[in-house]
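Student: So the protein lines, in turn, are chains A and B. For reference, each letter of the first sequence is one residue, going 5 to 411 in my numbering. For reference, each letter of the second sequence is one residue, going 5 to 411 in my numbering.
There are 2 protein chains.
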Amino acid sequence: MNIIEGGVTAAMGFEAAGVEASIKYQNRKDMALIYSKLPCKAAGVFTSNIVKAAPVLWDKEVVSNSPYAQAVVVNAGIANACTGKQGYDCCKKTAGAAAKCLGISEDAVLVASTGVIGMQLPVERIAAGVELLVKNKADTIEAGLQAAEAIMTTDTISKQAAVTIEIDGKTVTVGGMCKGSGMIHPNMCTMLGFVTTDIAISKELLQEALCEDVRDTFNMISVDGDTSTNDTLIVLANGAAGNPEIRTKDEDYGKFKAALNYVNTTLAKKMAGDGEGATALFETKVIHARTKEDARILSRSVISSNLTKAAIFGHDANLGRAFCALGYSGVDFDPEKVDLYLENEEKTLPVYRDGVMLDYSEEEATQILSAPEVRILVDMKAGDFEAAAWGCDLTFDYVKINADYRS
Amino acid sequence: MNIIEGGVTAAMGFEAAGVEASIKYQNRKDMALIYSKLPCKAAGVFTSNIVKAAPVLWDKEVVSNSPYAQAVVVNAGIANACTGKQGYDCCKKTAGAAAKCLGISEDAVLVASTGVIGMQLPVERIAAGVELLVKNKADTIEAGLQAAEAIMTTDTISKQAAVTIEIDGKTVTVGGMCKGSGMIHPNMCTMLGFVTTDIAISKELLQEALCEDVRDTFNMISVDGDTSTNDTLIVLANGAAGNPEIRTKDEDYGKFKAALNYVNTTLAKKMAGDGEGATALFETKVIHARTKEDARILSRSVISSNLTKAAIFGHDANLGRAFCALGYSGVDFDPEKVDLYLENEEKTLPVYRDGVMLDYSEEEATQILSAPEVRILVDMKAGDFEAAAWGCDLTFDYVKINADYRS
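1. Mind checking whether LEU114 of chain B and ALA151 of chain B have CB atoms under 8 Å apart?
2. If we count the other Cβ atoms within 10 Å of its Cβ and call it buried at 16 or more, is SER308 of chain B buried or exposed?
3. Taking only three categories from DSSP, how would you classify ARG304 of chain A?
4. Tell me, to the nearest whole angstrom, how far the beta carbon of VAL138 of chain A is from that of CYS105 of chain A; I am working on the premise that it is less than 8 Å.
5. If I measure Cβ to Cβ from CYS193 of chain A and keep anything under 7 Å in the same chain, skipping five residues before and after, which residues do I get?
6. Who are the neighbours of GLY331 of chain B on chain A, taking C-beta pairs under 7 Å?
7. What residues of chain A sit near VAL403 of chain B, judged by a beta carbon separation below 8 Å?
8. When Cβ atoms are compared, which residues of the region 276-299 of chain B fall closer than 7 Å to chain A?
9. With DSSP as the reference, label ALA392 of chain A as helix, strand or coil.
10. What residue from A:GLY395, A:GLY122, A:SER26 has the CA that sits closest to ARG379 of chain A's CA?
11. Taking ILE27 of chain B and GLY122 of chain B to be in contact with their CB atoms under 8 Å, please state how far apart those CB atoms are, rounded to whole angstroms.
12. Would you say ASP320 of chain A and ALA407 of chain B are within 8 Å of each other, going by their C-beta atoms?
13. Please confirm whether MET361 of chain B has its beta-carbon closer than 8 Å to some beta-carbon of chain A.
14. In angstroms, rounded to a whole number, what distance separates the CA positions of SER206 of chain B and VAL218 of chain B?
15. Could you tell me the distance, in whole angstroms, from the CA atom of ASP159 of chain B to the CA atom of ALA245 of chain B?
16. Skipping 5 residues on each side, what residues in its chain have a beta carbon closer than 7 Å to that of ASN191 of chain A?
17. Using a beta-carbon distance below 8 Å, is ALA80 of chain A in contact with chain B?
18. Of the residues that make up the region 116-148 of chain B, which ones have a beta carbon closer than 8 Å to any beta carbon in chain A?
19. Between the alpha carbons of LEU2 of chain A and LEU398 of chain B, how many angstroms are there, rounded?
20. Check each candidate in B:SER374, B:GLY387, B:ALA391, B:ALA375 and name the one with the smallest Cα separation from LEU381 of chain B.
21. Say whether the region 261-279 of chain B touches the region 165-173 of chain B, bearing in mind that this needs 3 or more beta-carbon pairs closer than 8 Å, one atom from each stretch.
22. Quick one: complete beta strand (DSSP E) runs, 3+ long, within the region 285-334 of chain B?
23. Would you mind sorting PRO339 of chain B into buried or exposed? The rule is 16 or more other CB atoms within 10 Å of its CB.
24. Going by Cα to Cα distance, which pick from B:GLU153, B:LEU353, B:ASP358 is closest to ASN31 of chain B?
25. Taking a contact to mean a Cβ-Cβ separation below 8 Å, would you say ALA147 of chain A touches GLY119 of chain A in this structure?
26. On the DSSP letters alone, give me the boundaries of the beta strand (DSSP E) that CYS44 of chain A sits inside.
27. Go ahead and pull the three-state DSSP assignment for SER117 of chain A.
28. Express the C-alpha separation of GLY334 of chain B and PHE18 of chain A in angstroms, rounding to a whole number.
29. May I ask which residues mark the beginning and end of the beta strand (DSSP E) holding CYS105 of chain B?
30. Does DSSP put THR168 of chain A in a helix, a strand or coil?
31. Within 10 Å of its beta-carbon, does GLN211 of chain A have 16 or more other beta-carbons around it, so buried, or fewer, so exposed?
32. Taking beta-carbon pairs under 7 Å, can you tell me which members of the region 22-44 of chain B lie near chain A?
33. Would you list, in chain order, the members of the region 91-109 of chain B that have their beta-carbon closer than 9 Å to a beta-carbon of chain A?
34. If we ignore side chains and look at the alpha-carbon of each, how far apart do LEU323 of chain B and ALA36 of chain A end up?
35. Of all Cβ atoms in chain B, is any one closer than 8 Å to the Cβ of LEU3 of chain A?
36. Please determine, among B:THR288, B:ASN348, B:ALA103, B:VAL55, the residue with the shortest C-alpha to C-alpha distance to LEU330 of chain B.
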């Protein structure tokens, strides 16, 4: 697997664009387009929130019922959630406008929105934006970056990742982009994510690979525990790489899954590290858990704990809070067997052994906690399973951003 | 039911004290005693966290196995959690010291701790504190207040409540005190609470009344979603009122439950409103839910949402976030039937109808949100059940307090 530059335009046959459409924000890009010259197999996972935004309802239809998909239109600033029939009609109009400009069918167009809940989208400006997007689309790395920038809300950096693998002598590329950064929580974490690939694969296996992979990637991050109304992750596969279509879970399928996992993990970690107001990427890794699910639940509970996140922000090794978060996770375990370590890239510091705090150096702990990436390692000493989860610290800026997000 | 002044010394036969023992804090009261001249029936509910502090383990024993209880010793500053065998031994020594000074049995002494996790308690200072407490104990309102002040950690106000009821011609008093204010979350919310009453009641009914009542009081508040290792709520009933002992769920039992509910609701709301860094008490009331449990889950989900809490802090009527929190609560409902209102003591403003945002006045909304007590009213239009939950806003000060709580 080779890590390469780029995002949604890295794979063959994909074009993208990002433009200023003044949907809500002014003087910045706020609409994005992904377009495939060839029809794509589409797979998607969507928010588990009962309150689903209109674009989620539209996309679920397209992924389930359309024979193929060929474009995605995204806007930032307004989420088109809690907007009723008018909101759904707007999705249809957006797809219709894109279909007309691109000369494809309306039901091959996916739509996605992120931003404020409750407001209606300005349909005319959306339609004008679509025209501009189609005019500007290109298959360059630059075009991919512009799309990644256009979907940002309170994100401070754009988020892309791409890799190539070899399948049957053909180079297959998987690339993606996503945005965070508030309302981020597992299942599906609050996010928009788009992955494009030129692999030839059956629709069933594409969906299965995606569903399996999100359990260890996007569903393992949290910024604030709020599962959004708009979470969407879509994978488009157009087959342009020319490999024999993958139809069974063979070695090639394994290679694709590894590539997808790399792209999704990279994007998910970027999202967690760029959580609203964050100053650090905060990872919790649980090892020697009794089951895989235990490991997942335990690690997520720690990275979701407000108190632990505030301690990380304060560079305070208050791992008692992490221990507490393990305890209320719902997983049954013996507290008197648990070891906790504080880690960064350079150092590992044992802080708890067999459930009791050790006499460690606070100075060393503060030093470790001052790194931009911090890890709490939890050894359950109970089995053979492990999992990692990613979050960020809880900061003044998180509160600031969310106390006046709408204004 | 008459609301009266006071707390744990309001009921007949109870004494209390609060003293400076320099356990961790300096120059403030940090140890409290509650003492009953008569042996008490004791009931208790404790944290559901797997990681239970040593005092929780000790108290569960006393409540389950001791024939009666007669005293509670509390310290603030160190939680005696994740302290292993040494921590449990310290509980025994604390109880032993109190038993000796008071001339009662060791297994009639309950202990409770709140503060930093991981540190061991200084046993000698605890023992010295116990002596001082016994020397200072009194049955006055002032003594009750001193105890309420001594158990505070980051609380900004002490929290007490008391009422009297008439049973069979006798005046029965129920009074209590509690402390918050971080690591507060349902089940049991992170807290220490102590209720004393002079009612004569069977131990079984006392425990049952308590268990039922916490579901609608202390388990309906949240400050930060972190369920602590130390949550403890204890009720002591010494029978001094002289009413015929309550042994069946008759009218008198109903009167006692109403009194207990008033005291617990008052204490729980005080705790929520004094959450770390809070500037407002934030209530969510859900009406017309399909089941009581639905109403509880939905209301708690909203008051626990970081994003909604930050919006309350910013006086921003971003009720889309509240709607979102209903949606990820786990309760199944039809979003297109839900109405949302913003309320304070003076005004009610409809903001969402049938799942769609109304064209309301932002100015009026901001005005409502500027009150010290703010309510989101949710009408599910699905049934006959209702519940309320209480939290607070998420503020800069919450982050500040928790970024350097230990220093």
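For each residue, glycine too, the CB sits at the ideal point set by N, CA and C. Here the structure is a predicted model, which is why all the values come from computation and not from measurement.
Tutor: The relevant details are as follows:
1. Here residue 114 of chain B corresponds to residue number 110 of the second sequence, with the count starting at 1. Here residue 151 of chain B corresponds to residue number 147 of the second sequence, with the count starting at 1. Going by C-beta atoms, LEU114 of chain B is not nearer than 8 Å to ALA151 of chain B.
2. Start at 1 with the first residue of the second sequence, and residue 308 of chain B comes out as number 304. Answer is buried; the Cβ neighbour count reaches 16.
3. If you number the first sequence from 1, residue 304 of chain A lands on position 300. Helix.
4. As a first step, residue 138 of chain A must be located in the first sequence, where it is residue number 134. As a first step, residue 105 of chain A must be located in the first sequence, where it is residue number 101. VAL138 of chain A to CYS105 of chain A, Cβ: 4 Å. Contact.
5. Residue mapping note: residue 193 of chain A aligns to position 189 of the first sequence, counting from 1. Per-residue confidence for CYS193 of chain A stands at a pLDDT of 41, beneath the threshold of 50, marking its modelled position as unreliable; no derived number is given.
6. Taking the second sequence and counting its residues from 1, the one referred to as residue 331 of chain B is at position 327. The contacting residues are ASN53, ILE54, VAL55, THR233.
7. As a working mapping, residue 403 of chain B is identified with position 399 in the second sequence. Going along chain A in sequence order, the residues near VAL403 of chain B (Cβ under 8 Å) are ALA314, PHE317, LEU398, THR399, PHE400, TYR402, VAL403.
8. none
9. Here residue 392 of chain A is taken as the residue at index 388 of the first sequence, counted from 1. Of the three classes helix, strand and coil, the one that applies to ALA392 of chain A here is strand, per DSSP.
10. To locate residue 379 of chain A, count along the first sequence from 1; it is residue 375. It is A:GLY395 whose Cα lies nearest to the Cα of ARG379 of chain A.
11. The residue labelled residue 27 of chain B in the question sits at position 23 within the second sequence. The residue labelled residue 122 of chain B in the question sits at position 118 within the second sequence. Not quite, the Cβ-Cβ distance comes to about 15 Å (not below 8 Å), so this is no contact.
12. Taking the first residue of the first sequence as 1, we reach residue 320 of chain A at position 316. Taking the first residue of the second sequence as 1, we reach residue 407 of chain B at position 403. Taking 8 Å as the Cβ cut-off, ASP320 of chain A and ALA407 of chain B qualify as a contacting pair.
13. The residue given as residue 361 of chain B occupies position 357 in the second sequence. By this cut-off, MET361 of chain B is an interface position.
14. In the second sequence, counting from the first residue as 1, residue 206 of chain B sits at position 202. In the second sequence, counting from the first residue as 1, residue 218 of chain B sits at position 214. Going from the Cα of SER206 of chain B to the Cα of VAL218 of chain B covers about 19 Å.
15. Against the second sequence, residue 159 of chain B aligns to sequence position 155. Against the second sequence, residue 245 of chain B aligns to sequence position 241. Looking at the two C-alpha atoms, the distance is approximately 32 Å.
16. Counted from its first residue, the first sequence places residue 191 of chain A at position 187. In this prediction, ASN191 of chain A scores a pLDDT of 40, lower than 50, which makes its location untrustworthy; the coordinate-derived value is nonetheless stated afterwards. Result list for ASN191 of chain A: SER52, ASN223, THR231, in chain order.
17. Taking the first sequence and counting its residues from 1, one reaches residue 80 of chain A at position 76. No, ALA80 of chain A lies away from the interface with chain B (no Cβ there is under 8 Å from its Cβ).
18. VAL120, ILE121, GLY122, MET123
19. Nothing can be reported for residue 2 of chain A: it is not among the residues displayed for chain A, which extend from 5 to 411.
20. Working through the second sequence from its first residue, we reach residue 381 of chain B at position 377. Closest option to LEU381 of chain B, Cα to Cα, is B:ALA391.
21. yes
22. 285-293
23. Translated into positions along the second sequence, residue 339 of chain B becomes position 335. Burial call: buried.
24. Here residue 31 of chain B is taken as the residue at index 27 of the second sequence, counted from 1. If we check each option's Cα against that of ASN31 of chain B, B:GLU153 comes out closest.
25. Reading the first sequence from its first residue, position 143 is the one you call residue 147 of chain A. Reading the first sequence from its first residue, position 115 is the one you call residue 119 of chain A. No; because the gap between Cβ atoms is not below 8 Å, this pair is not in contact.
26. The residue labelled residue 44 of chain A in the question sits at position 40 within the first sequence. Start and end: 35-50.
27. If you number the first sequence from 1, residue 117 of chain A lands on position 113. SER117 of chain A: strand per DSSP, three-state reduction.
28. Here residue 18 of chain A refers to the residue found at position 14 of the first sequence. Here residue 334 of chain B refers to the residue found at position 330 of the second sequence. Spanning the two alpha carbons is a distance of roughly 38 Å.
29. Translated into the one-based positions of the second sequence, residue 105 of chain B becomes position 101. Careful: CYS105 of chain B lies outside any beta strand (DSSP E), inside the alpha helix (DSSP H) at 88-106.
30. If you number the first sequence from 1, residue 168 of chain A lands on position 164. Strand, per DSSP.
31. The residue labelled residue 211 of chain A in the question sits at position 207 within the first sequence. With 16 or more other Cβ atoms within 10 Å, it is buried.
32. none
33. GLY91
34. Numbered from its first residue, the second sequence carries residue 323 of chain B at position 319. Numbered from its first residue, the first sequence carries residue 36 of chain A at position 32. In a straight line, the C-alpha of LEU323 of chain B is about 27 Å away from that of ALA36 of chain A.
35. Within the shown structure, residues of chain A are numbered from 5 to 411, placing residue 3 of chain A beyond reach of any answer.
36. Mapped onto the second sequence, residue 330 of chain B falls at position 326. Ranking the options by Cα distance to LEU330 of chain B, first place goes to B:THR288.
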